[in-house]
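Please read the structure below before turning to the comments.
Numbering (my numbering), first residue to last: 1 to 160.
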């Protein structure tokens with residue numbers, strides 16, 4: 001699969017979901033093996049945190065301004081939960097507690113699956129109808145760079 005996603009900002013964000021899922025799949029496969037692939041987890045977690053950054057900084061403000069405050073508040077709350085679960089999972093891996101990592105991964109995977117479906121069916125189409133070309137281009141550029149500003153945290157991290 002190419003890293004180049006065609007189409008709208010929403011399509012590019014959805015493509016990024018799949019790319020992140022592939023990274024986490026490598027980590028999950030290692031949970032049943034002789035050694036956990038911490039690098040796969042760290043890479044996928046960094047990609048997911050960057051994805052959240054792009055959404056919260058560029059995509060969500062336009063959708064919120066268009067009147068979809070409720071769905072965006074749900075997405076922000078879920079981002080906080082995801083962020084906190086990533087932190088918990090990293091701490092468990094740091095402690096070498098692979099059995100706990102498997103249980104936490106199951107929880108995170110369920111939250112991500114439900115969250116991504118809502119974004120892909122509701123938030124991204126709403127954004128595509130509202131986002132001006134310059135912001136869509138910024139989303140594309142930001143997804144391509146993969147660089148989240150040091151010290152940036154999602155709006156609702158630490159609240160779950």
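Glycine included, C-beta positions come from ideal geometry on N, C-alpha and C.
Residue 110: member of the alpha helix (DSSP H) spanning 98-118, first to last residue. A residue is called buried once 16 or more other Cβ atoms fall within 10 Å of its Cβ, and residue 12 is buried on that count.
In this structure the segment 117-126 does not lie against the segment 29-39, because fewer than three pairs of beta carbons, one per stretch, are closer than 8 Å. Taking a 10 Å sphere around the C-beta of residue 59, we find 16 or more other C-beta atoms and assign the residue as buried.
Take residue 108, set aside five residues on each side of it, and the residues of its chain with a beta-carbon closer than 8 Å to its own are 82, 85, 86 and 89, in chain order. Distance from the CA atom of residue 54 to the CA atom of residue 48, rounded to whole angstroms, is 10 Å. Nearest Cα to residue 101 within the set 7, 17 and 24: 24.
In terms of CA proximity to residue 78, 56 leads the group 56, 99 and 93. If only complete runs of 4 or more residues are kept, the segment 116-143 shows the alpha helix (DSSP H) at 124-130, in order along the chain.
Residue 148 sits in coil when the DSSP states are folded into three classes, being neither helix nor strand.
DSSP places residue 153 outside both helix and strand once states are collapsed to three, so it counts as coil. Judged by DSSP secondary structure, residue 45 falls within the alpha helix (DSSP H) whose first and last residues are 38-54.
Per the C-alpha coordinates, the member of 94, 80 and 14 positioned closest to residue 153 is 80.
Here DSSP, grouped into helix, strand and coil, assigns residue 70 to helix. Per DSSP, the unbroken alpha helix (DSSP H) holding residue 30 starts and ends at 9-31.
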